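Notes for the one structure printed next.
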Ligand code: BGC
């Protein structure tokens, strides 16, 4: 089957579209992220977000609360725009290459997901009539995380003359802001101040530092020229900028190129970031660029072998899923110093903060395709467990850990606590991801060194928060569930169900591993009391899960059904998302949901309710959910699949896989919607294919939705590599590597041997 591994778009050099292309054609490798801005720059009135980021680097800025109530968050971390090494100004025969001002005969952008680069090609005619073809290829290297390259090629089409490149290294740059959008920062200062900068030979370098967090960023750039003729170079400092000027003779029909190498490092990871960037450049420049491209391709060939989904019957969907999974890889950090931001490394939306999006929506993809990477991602939560304990203390808890709703360092950053700090369900999401990782890999070492401690500390928090009511039910009060149009409620069904799962697994897995030396030490360190495990079991068992007899549904919380229902049918289209048009209090007084809440918990914990209750609930919530959050429709789709509501599953799946490609929320310019990308993957794998991993093992329950004829995907399970192929009338599970296994198919058990694939009629 033919997959378009290249995303190709025409480049019209229009302001709005350029902004969108900056996101769609950004380069990232989990460590650095560079937006696809134009090397030559744009006029000052263009809405550009000219950004380069390093995962997990931040500045701390004040977040003044209007009233200084006790222990409110008064400062936050914000991701920093670390440097500008993208700028390269070209002139040919004294005329500046400025396609935004006209003269473009043809232009396109490409993202190549097999080769791992982006490319912009422009055929341009200068005012004097000189024609050139400019092809600019950019790569954030997956193998050498600190390295970003720009290969800038120029071909003179109808003249001979000279090309002059002014390549800029600007260490102090401002962040982007939009005071009218709560999803972006409202100020745009320049957070880094130069500590040291200059040239070492022809190599530019800079070290800059933030004022409050003390994070230092080191950057170095260098160039090589590819040309048959002799070129010359000159370096200069102009204000803050370090500029390398390269003069290269141009002969008609000859291609010349400048290759710009930039290396990035930070003081969070390196004791000598400057030494690191100089070394990275030295090593990288010893190798021909072609070799670096090849290494990139090889890295991606491995990634695709383990993750490439193939969908027949809808070519656009097939391509969109590839785009999404590629973006997930670009966003995924490889160490414990960073989580996955809501926008990955593609833009500054949500200020680079990490939310529950990572554990609930993105980790499932890596658990099934690259479990080692999943473990790395979870190790960030382990590294920030001390901060989560402090957060719990600040909120008045005597024990346990509460992960922050939004953060970079592990410290809470939400300014508005009703839909921030109160979202305790993040603990449930982190615990869920740890449990899923363990069930899918059997990685006992991870559990005894990291996972169990996370589970116990998050479970303790539930014990500390909840209370038994007069009927002996364990209740969790004053929290906010996933639906942010309803805040500060008692017994949010979703929160209670995920706390139950957290408590149960914390107790069970502790008992499973209690004899391991590491766990004995852990229990002593945590001063884990024997009765606590029994308390966890009891709270899990007695957890109150609201149920309404009259409607036959699970109410979202204790008071939800007493509120009037928002009249969505008569709500004008131009007031969505509601959060930008109504005061929060107004929204809280209605039955109206921003996103899947109870519907998500039914998908995650289906054994807690009857199919009838889940279906009634689905029908109920779908009438009052706006899907103003991009985290919603994918969940409705997978829950519909689980309930056998195939038409609904397809309708909700709809275009969500193409959300960014089609800019459906009209804010892809601020960065891609990472959680939705992971959610769409799950809507196929866990929704259409019904793949589940529980403590009873692996099971599948696949079908092919209308409009598709076939789909297949590889996945990992307990040291094995498998591939599931689903057709209208049959399904096939193959063992690619590893041992035979038993698994569930609908209500039966099936066996997959080493020799033969398992095939079943549907
Ligand atoms: C959603 C949250 C999500 C956040 C970041 C909000 O709009 O309501 O669930 O975590 O965006 O993606």
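In the numbering used here, the protein residues as written are 576 to 1337.
Beta carbons: idealized from backbone N, C-alpha and C, even for Gly.
Remember, it's a predicted structure, so these values are computed and weren't measured experimentally.
N-terminal and C-terminal residue of the alpha helix (DSSP H) that residue i is part of
| i | result |
| --- | --- |
| residue 595 | 590-599 |
| residue 954 | 946-958 |
| residue 1029 | 1027-1040 |
| residue 1079 | 1068-1088 |
| residue 870 | 864-882 |
| residue 996 | From DSSP, residue 996 is part of no alpha helix (DSSP H); its letter is neither H nor E. |
| residue 1193 | 1186-1197 |
| residue 1159 | 1159-1163 |
| residue 891 | 890-906 |
Boundaries (first-last residue) of the beta strand (DSSP E) holding residue i
| i | result |
| --- | --- |
| residue 1009 | Taken as a continuous stretch (DSSP letters only), residue 1009 belongs to no beta strand (DSSP E), being part of the alpha helix (DSSP H) at 1000-1016. |
| residue 1333 | 1333-1336 |
| residue 1109 | Looking at the DSSP string, residue 1109 is not in any beta strand (DSSP E); the run it does join, the alpha helix (DSSP H), is 1105-1117. |
| residue 1097 | Unbroken run through residue 1097 is the alpha helix (DSSP H), 1092-1100; no beta strand (DSSP E). |
| residue 1311 | 1305-1312 |
| residue 1320 | 1316-1320 |
| residue 1327 | 1323-1327 |
| residue 1291 | 1285-1292 |
| residue 1302 | 1295-1302 |
| residue 582 | 581-585 |
| residue 608 | 607-609 |
| residue 886 | 885-887 |
Inter-residue spacing [alpha-carbon to alpha-carbon] between residue i and residue j
| i | j | result |
| --- | --- | --- |
| residue 579 | residue 901 | 13 Å |
| residue 955 | residue 949 | 10 Å |
| residue 661 | residue 834 | 12 Å |
| residue 752 | residue 1098 | 46 Å |
| residue 1314 | residue 944 | 17 Å |
| residue 677 | residue 980 | 46 Å |
| residue 1005 | residue 582 | 33 Å |
| residue 1263 | residue 890 | 17 Å |
| residue 1356 | residue 633 | Only positions 576 to 1337 of the chain appear in this structure, which leaves residue 1356 out of reach. |
| residue 1295 | residue 1311 | 7 Å |
| residue 904 | residue 913 | 14 Å |
| residue 938 | residue 808 | 47 Å |
| residue 1268 | residue 851 | 42 Å |
| residue 1191 | residue 1074 | 23 Å |
| residue 931 | residue 794 | 31 Å |
| residue 1045 | residue 755 | 47 Å |
| residue 839 | residue 859 | 13 Å |
| residue 1142 | residue 996 | 29 Å |
| residue 1323 | residue 1276 | 10 Å |
| residue 1410 | residue 1105 | For residue 1410 there is no data in the structure shown, the boundaries of the chain being 576 and 1337. |
| residue 1120 | residue 1051 | 10 Å |
| residue 803 | residue 823 | 10 Å |
| residue 1306 | residue 602 | 37 Å |
| residue 1173 | residue 917 | 22 Å |
| residue 704 | residue 620 | 27 Å |
| residue 611 | residue 1147 | 35 Å |
Cβ-Cβ separation, residue j to residue i (assumed contact under 8 Å), whole Å
| i | j | result |
| --- | --- | --- |
| residue 927 | residue 1247 | Between residue 1247 and residue 927 the Cβ distance is about 13 Å, and since that is not below 8 Å, they are no contact. |
| residue 1019 | residue 1088 | 7 Å |
| residue 586 | residue 684 | 5 Å |
| residue 1221 | residue 1256 | With 8 Å as the limit, residue 1221 and residue 1256 do not qualify as a contact, their Cβ atoms being about 19 Å apart. |
| residue 1081 | residue 1111 | 6 Å |
| residue 825 | residue 657 | So it is not a contact: roughly 33 Å between Cβ atoms. |
| residue 966 | residue 987 | 5 Å |
| residue 659 | residue 625 | 6 Å |
| residue 1178 | residue 1217 | 6 Å |
| residue 724 | residue 867 | 7 Å |
| residue 674 | residue 653 | The pair is not a contact, with the Cβ atoms about 33 Å apart (cut-off 8 Å). |
| residue 960 | residue 1053 | In fact, because the Cβ distance is near 24 Å, the residues do not count as touching under 8 Å. |
| residue 1213 | residue 1261 | 5 Å |
is_contact[residue i, chain B] using C-beta, thresh 8 Å
| i | result |
| --- | --- |
| residue 1037 | The structure shown contains no chain B, having only a single protein chain. |
Enumerate, from N- to C-terminal direction, the unbroken beta strand (DSSP E) stretches of 3 or more residues contained entirely within the segment 1224-1272.
1267-1269
Please specify which runs of the alpha helix (DSSP H), each continuous and at least 4 residues long, are wholly inside the segment 685-768, giving them in chain order.
none
Three or more C-beta pairs closer than 8 Å, one from the segment 1054-1066 and one from the segment 1133-1148: is that the case here?
yes
4-residue-minimum alpha helix (DSSP H) runs that sit fully inside the segment 628-694, ordered along the chain
none
Complete runs of the beta strand (DSSP E) confined to the segment 779-839 [at least 3 residues]
791-801, 807-813 and 816-825
With a threshold of 8 Å, are at least 3 pairs of Cβ atoms found where one atom belongs to the segment 691-700 and the other to the segment 860-878?
yes
The segment 1228-1240 touching the segment 1194-1212, judged by at least three CB pairs closer than 8 Å
yes
With a threshold of 8 Å, are at least 3 pairs of Cβ atoms found where one atom belongs to the segment 1030-1047 and the other to the segment 1281-1294?
no
Contact between the segment 713-720 and the segment 728-741: three or more CB pairs below 8 Å?
no
Contact between the segment 812-822 and the segment 737-746 (3+ Cβ pairs under 8 Å)
yes
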